[in-house]
Every structure is written in structure tokens, then in C-alpha cells.
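*Asks:* One structure coming up, written as C-alpha cells, with questions to follow.
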Amino acid sequence: MSSEKVEYCTSCGIRLVEKGYVKFPCPQCGVEIGRCASCRQQGNVYTCPKCGFKAP
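If you're matching positions, the sequence shown starts at 68 in my numbering and goes up one per residue.
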């Protein structure tokens, strides 16, 4: 079994394996947010799982 952490898009839940995804800290609390290329292009809202901060 692998101990590697699997990353998912915070907006849609897809695995972050394709080109164009980004990971960045939440502007409010600093927890890591992951966004797939599709959600980034479409401007889909993400919600921080820790503090509830929402942004497109």
C-alpha cells in the first residue's frame, strides 16, 4: 500500500492528476486548496473545508 496523499479538487472532487491543476493556501486560514483545470476555467466556487471561505 502507498502512503502517498491523494489530492482532489475542492470544487468538484476529481483527482488532481491532469495538467492545469493548482494548489494554494486558503486566503483566510491557510489550509491547502486544490483546483482542477476545468473548475478554474469555469470559475466554479470552492469552499474551504476548514473555515468555510468561498470564492470562484
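For glycine and all other residues, C-beta sits at the position ideal for the given N, C-alpha and C.
This structure is a prediction, so every number in the text was calculated from the model and none was measured.
(1) Return helix, strand or coil for S70, following the three-state DSSP convention.
(2) In angstroms, rounded to a whole number, what distance separates the CA positions of S70 and K121?
(3) From T114, Q95, G101, pick the residue whose C-alpha is nearest to that of K86; which is it?
(4) Which partner residues does A122 have in the DSSP bridge list?
(5) Please list the terminal residues of the continuous beta strand (DSSP E) segment that includes I81.
*Replies:* The short version:
(1) Because the pLDDT at S70 is just 41, under 50, the model does not fix this residue reliably, and the value given afterwards should be weighed accordingly. S70 falls in the coil class under three-state DSSP.
(2) Unreliable positioning characterises S70 in this predicted model, as indicated by a pLDDT of 41, which lies under 50. A coordinate reading is not provided.
(3) G101
(4) Partner(s): Y113.
(5) No beta strand (DSSP E) contains I81, which DSSP labels as neither H nor E.
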